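Colleague: Letter by letter, the sequence shown follows residues 225 to 576 of my numbering. C-beta: ideal position from N, C-alpha, C; glycine also. If you're wondering where the values come from, they're calculated on a predicted model, not measured in any experiment.
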Amino acid sequence: MTFLKNTWYVAANASELDEPMVSRKICNEQIVMFRNSDGSVAAIQDRCPHRFVPLSMGKRVGDTLQCGYHGLAFDGTGACVDAPHDDDSQKARACVKGYAVVERHKWIWIWMGNAAEANPDLIPDFGFFDDTEKFTCCQGYTHMNGNYQLISDNLLDLSHIHYLHPGVHEGSNFEDFTNKVKREGDTVYSMLYRHHYHIDAAKRPMYGMVEGPEDVEGQGHARWDAPGVLFVDTAFWDHGTTIDDGYRTPNAHLITPETETSSHYFWGSGRTFMLDVPQVTEMAAATMKTVFETQDGPMIEAQQRDMGTSTDFLKHNPIILKADAAGVMARRIMQQKIKAEASGSDLAIAAE
Ligand code: FES
Ligand SMILES: [Fe+2]
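1) Only counting the same chain, and skipping five residues up and downstream in sequence, which positions put a Cβ closer than 6 Å to that of S269?
2) Taking 8 Å as the cut-off, does the segment 363–383 touch the segment 525–543 (at least 3 CB pairs, one atom from each stretch)?
3) DSSP three-state call for M558: helix, strand or coil?
4) Helix, strand or coil for A526, going by three-state DSSP, please let me know.
5) Just to confirm my understanding: we take G494, look at its own chain, exclude 5 residues before and 5 after, and list those with CB closer than 7 Å. What are they?
6) What is the DSSP secondary structure of V265, reduced to helix, strand or coil?
7) Going by the DSSP bridge assignment, what does K406 pair with across the sheet?
8) Going by DSSP in three states, N338 sits in which element: helix, strand or coil?
9) On the DSSP bridge list, what partners appear for R259?
10) Mapping DSSP to helix, strand and coil, what is R317?
11) Just jot down, in chain order, the residues whose CB lies closer than 6 Å to any heavy atom of ligand 1.
12) According to DSSP, is T505 part of a helix, a strand, or is it coil?
13) Consider the C-beta atom of N475 and the heavy atoms of ligand 2; say whether any pair is separated by less than 7 Å.
14) Does the beta-carbon distance from R248 to A238 come in below 8 Å?
15) Distance, Cα to Cα, I557 vs K229?
16) Can you list, in chain order, the residues of its chain whose CB lies under 6 Å from that of D306, leaving out five sequence neighbours each side?
17) Using alpha carbons as the reference points, say which of A566, G282, S567 and L538 lies closest to W555.
18) Per DSSP, what kind of secondary structure is P474 in: helix, strand or coil?
19) By alpha-carbon positions, which one of G532, P437 and E484 ends up nearest to M225?
20) If you reduce the DSSP assignment to three classes, tell me which class I250 lands in.
21) For T360, name the three-state secondary structure that DSSP assigns.
22) Going by the C-beta, is I385 closer than 7 Å to any heavy atom of ligand 2?
23) Flag H389 as yes when its Cβ comes closer than 7 Å to any non-hydrogen atom of ligand 2, and as no otherwise.
24) For T458, which beta-bridge partners are listed by DSSP?
25) Closer than 7 Å to a non-hydrogen atom of ligand 2 - does that hold for the CB of D548?
26) Would you call I544 buried or exposed, if buried means 16 or more other Cβ atoms sit within 10 Å of its Cβ?
27) Less than 7 Å between C-beta atoms, sequence neighbours within five positions excluded: which residues of the same chain meet that for G551?
28) Ignore the nearest five residues each way along the sequence and tell me which others in M281's own chain have a CB closer than 6 Å to its CB.
29) Thinking S486 and I479 are a contact (beta carbons under 8 Å), I'd like their distance in whole angstroms, please.
30) Following the continuous alpha helix (DSSP H) through D299, name the residue where it begins and the one where it ends.
31) If contacts are defined as beta-carbon pairs under 8 Å, then Y417 and M336 qualify, I think. What distance do you get, rounded to the angstrom?
32) For D468, list the residues DSSP reports as bridge partners.
33) Cα-Cα, which of V405, H420 and H419 is closest to Y413?
34) Under 8 Å by Cβ, that's how I've got T231 and P451 pegged, so tell me the actual separation to the nearest angstrom.
35) With a 10 Å radius around its C-beta and 16 neighbouring C-beta atoms as the bar for buried, classify V285 as buried or exposed.
36) Less than 8 Å between the CB atoms is what I'm expecting for G364 and K513, so what's the real figure, rounded?
Structure below.
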């Protein structure tokens, strides 16, 4: 399988960079990240060009990584800046690959392709993470042994919530919602609305600490951008008022391929209520982690096991249901983008 290279992937939660370095495989490339003394984040290939050992087995020396075997040192661009036993001519030959990285919305975003094309404006907006006046947020990470597109499918088809996550969102039965799917440019939207229904507050474990309304309007709007960057804006509000007066929980689901059949799942959630109650933040993070690791994760991993090493789900001739519209649309866009990149075409893909 070919990965899309000229695109932004999330490589780490920003807080992970409090450690001297973080090593992670992304699209089959082992990468080590570290924070420079000026606060910027560097990402370079985690493989010493001398004996091919991980540079992450070495140590930080100032703004460089010193290989733990014979001491070659590399800066954040991947240039060899110290070869203690050799003259300078070896240094020029010894560089490793450097990657363009941007820190935004509390995540580290990495561009896996040509760094000259890495435009930070292309990072989808998760501004709620920075709006601390209006939102309190939590973040986490889950590893899944499944292809990244299986996770996008899962998030674009929320008809699974009623069955796989019983009780997590009271009143979440897909049949009761109106679903509108649309494409704008290369962005896919799957918008769910539910008009005027009743929520029994006692049956909302996720918001059990909230004295919320019971006679409500609800929404679950998903926005997908390539390659697996999803914003899911869930909310409910008193019937007769607007979403701005309601209980909103915008979520980020940022899926990065590790290999063809495994993924890094970076997630984050915000809320507009009980902003200063840390127990609610802890409960939201614990609930998300449990849901992904004991409900969605096992289902996605079972799906991947059935597919073996295959990554193209649609080639297995699945039954396509109504709720699959957005997922299939996103897969088609990915196919087109990967094909365009492989053929060297940088033409914009025409919206259908
Ligand atoms: S293996 Fe890195 S310096 Fe020798
Ligand atoms: Fe789920």
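Modeller: Reading it off the structure:
1) Residue identity check: residue 269 is Gln in the sequence provided, not Ser. Answer for Q269: V320 and K321, listed in chain order.
2) A contact between stretches requires three or more CB pairs, one per stretch, nearer than 8 Å, and the segment 525–543 meets this requirement with the segment 363–383.
3) helix
4) helix
5) F352, F353, F359, T360, C361, T473 and P474
6) strand
7) Y413
8) coil
9) DSSP output for R259 lists V265 as bridge partner(s).
10) Reduced to three states, the DSSP call for R317 is helix.
11) Contact residues of ligand 1 (beta-carbon closer than 6 Å to any heavy atom; chain order) are C272, H274, R275, V277, C291, Y293, H294, G295 and L296.
12) Assigned with DSSP and collapsed to three states, T505 falls in helix.
13) Not one heavy atom of ligand 2 lies closer than 7 Å to the C-beta of N475.
14) No, the Cβ-Cβ distance between R248 and A238 is not below 8 Å.
15) 15 Å
16) A297
17) It is Arg, not Trp, that sits at residue 555 in the sequence shown. Taking R555 as reference, the option from A566, G282, S567 and L538 with the minimal CA-CA separation is L538.
18) strand
19) E484
20) strand
21) strand
22) yes
23) Under cutoff, so the answer is yes.
24) By DSSP's assignment, T458 forms a beta bridge with G444 and T473.
25) no
26) Exposed is the call here.
27) S376, D377, L380 and D381
28) G292
29) Contact annotation, S486 with I479: C-beta distance approximately 11 Å; criterion of less than 8 Å not satisfied.
30) No alpha helix (DSSP H) holds D299; the beta strand (DSSP E) holding it covers A297 to D299.
31) With 8 Å as the limit, Y417 and M336 do not qualify as a contact, their Cβ atoms being about 36 Å apart.
32) In DSSP, D468 forms no bridge with anything.
33) V405
34) For T231 against P451, the beta-carbon gap comes to about 6 Å, under 8 Å, which counts as contact.
35) exposed
36) About 5 Å; that satisfies the 8 Å criterion.
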